[in-house]
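Below you'll find the structure, written out as structure tokens, and then a few comments.
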Amino acid sequence: MGNRGSRFTGTEVSTRSLIPKSVKIDFPRFKGTEDPTSWLCRAENFFEIHGILEEEKVRIAFINMEGDAQLWYQLFKEEQGLVTWESFKEGLNIRYGPTQYQDFFGDLTKLKQMGSVRDYQTQFERLLIRVGTLTAIQQVGCFVSGLKESIRTDVQACKPSTLSAAIGLARLYESREQASRRSIPSTTDLKRTPIEKEQNQSRSILPIKKLTPVELKERREKGLCFNCNEKFGPGHRCRKLFLIEGSWTDDEENDVIDKAKSQLLKEKTEMPEISLHAIYGARMPQTMRVRGRIDQQRITILIDSGSTHKFLDDCMAKKLGLYPHHKGKFEVTVANGEKLCSSGRCKDVCILLNGLSIVVDLYLLPSEGCDVVLGAQWLYTLGPII
1 MGNRGSRFTG TEVSTRSLIP KSVKIDFPRF KGTEDPTSWL CRAENFFEIH
51 GILEEEKVRI AFINMEGDAQ LWYQLFKEEQ GLVTWESFKE GLNIRYGPTQ
101 YQDFFGDLTK LKQMGSVRDY QTQFERLLIR VGTLTAIQQV GCFVSGLKES
151 IRTDVQACKP STLSAAIGLA RLYESREQAS RRSIPSTTDL KRTPIEKEQN
201 QSRSILPIKK LTPVELKERR EKGLCFNCNE KFGPGHRCRK LFLIEGSWTD
251 DEENDVIDKA KSQLLKEKTE MPEISLHAIY GARMPQTMRV RGRIDQQRIT
301 ILIDSGSTHK FLDDCMAKKL GLYPHHKGKF EVTVANGEKL CSSGRCKDVC
351 ILLNGLSIVV DLYLLPSEGC DVVLGAQWLY TLGPII
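The opening position of the sequence shown corresponds to residue 1 in the UniProt record's numbering, with each subsequent residue numbered one higher.
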């Protein structure tokens, strides 16, 4: 008798009783400008909490529609006559949802991260809810495969078992990547030294010094610098820069070029230098980043004309089981004047580079942005590059 006239079942009353009376829950509004999936989901929750009867759902939903959505319902009701909640949801999805011929699973597998991880996550979840039931492994596989390569490799290494774990890892590695970029000093932030200022000023007012073939040959035989009258040797810097103009035969030209190369290589051998972008992994016009292998280990190689020698990241060397044949500490000069300490040199390391096998000696040096640096010393072995 006490329950006569009640329109709630025991389950509905129990569900409703869980909501405190002081909590006000408003029915969501729908204007027809958004995806109806989310709106219908919120409407279903509202009906369940308030115990709304099936025949009252459409009327309540219509009251909370605005603009074009109201006009659509009026036309839909005239066409259908009796509108049930199920037919209402179907009609709403046809009118405002994506086409029924859209391949949501195909779109999900092709989705790629173009912006932040958060933006990619939002796009992924919108498609995932349309696809239907996927296992946790399938969800993780689809999500991770669309991440940027720099983040994807780290996430895959952690082998996440759930989608939420994969998303958390992706955000973590994205934050680390952003922090690493902020720590790299930009060229505009680096203070120019007096030498750099002097060089920059001199570039626009270089005096022209013309040398005849006889003068070039004489300087080469005496071991003099082509620019000044001082002896040329390792570490030599001209006190005054000149723009040299000369004319010589092909044989003389080849001799001069070969001599200059050998002198430069001799200087570089005794004074190893590495560029800032090789240390930090920054992308610059004078560098090229490629993939390679040492044994079965995939490595990132930076071909850098701004570095003199060939270097191997010391952490990667330990991972590969490579140990220096020439031990002992020696200094390597960074382009900004700082000194780094190398622990030795690994000889005859075989690198597979785009199908080409090269054997090189590598100095051990810590590097954040790549595993191997191939500098000018290696580039000279390739011959003229046109």
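Ideal placement from N, C-alpha and C gives every residue a C-beta, glycine not left out.
- Sixteen is the threshold: since fewer than 16 other Cβ atoms of the shown chains lie within 10 Å of the Cβ of Pro-366, the residue is exposed.
- Ile-301 carries a strand assignment under DSSP once its states are collapsed to helix, strand and coil.
- The region 117-129 makes no contact with the region 51-68, as fewer than three CB pairs between them are under 8 angstroms.
- In the pairwise beta carbon analysis, the region 132-146 is classified as touching the region 158-165: at least three pairs are separated by under 8 angstroms.
- Between the alpha carbons of Trp-378 and Val-372 lies a distance of about 12 angstroms.
- Membership of Phe-311 in the beta strand (DSSP E) is indicated by the continuous run 310-312.
- The beta carbon of Tyr-173 lies closer than 7 angstroms to those of Ile-151, Asp-154 and Val-155 in the same chain, with the five residues before and after it left out.
- A Cβ-Cβ distance of about 11 angstroms is found for the pair Ile-294 and Val-359, leaving them out of contact under the 8 angstroms criterion.
- With a cutoff of 9 angstroms on beta-carbon distance, Lys-347 and His-325 are scored as near each other.
- For Lys-148, same chain residues with a beta-carbon under 6 angstroms away, outside a window of 5 residues either side, are Gln-113 in chain order.
- Judged by DSSP secondary structure, Ile-294 falls within the beta strand (DSSP E) whose first and last residues are 287-294.
- If the five residues before and after Arg-29 are omitted, its C-beta is found closer than 8 angstroms to the C-beta atoms of Asn-64, Met-65 and Glu-66, all from its own chain and listed in chain order.
- Taking the Cα positions, Gly-375 is about 10 angstroms away from Thr-287.
- One Cα belongs to Gln-80, the other to Asn-45, and the distance between them is close to 26 angstroms.
- Under DSSP, Tyr-363 forms a beta bridge with Phe-311 and Arg-345.
- Of the candidates Arg-298, Ser-307, Phe-104 and Asp-68, Asp-68 places its Cα closest to the Cα of Thr-33.
- Note on Arg-345: 16 or more other CB atoms within 10 angstroms of its CB, so buried under the neighbour-count rule.
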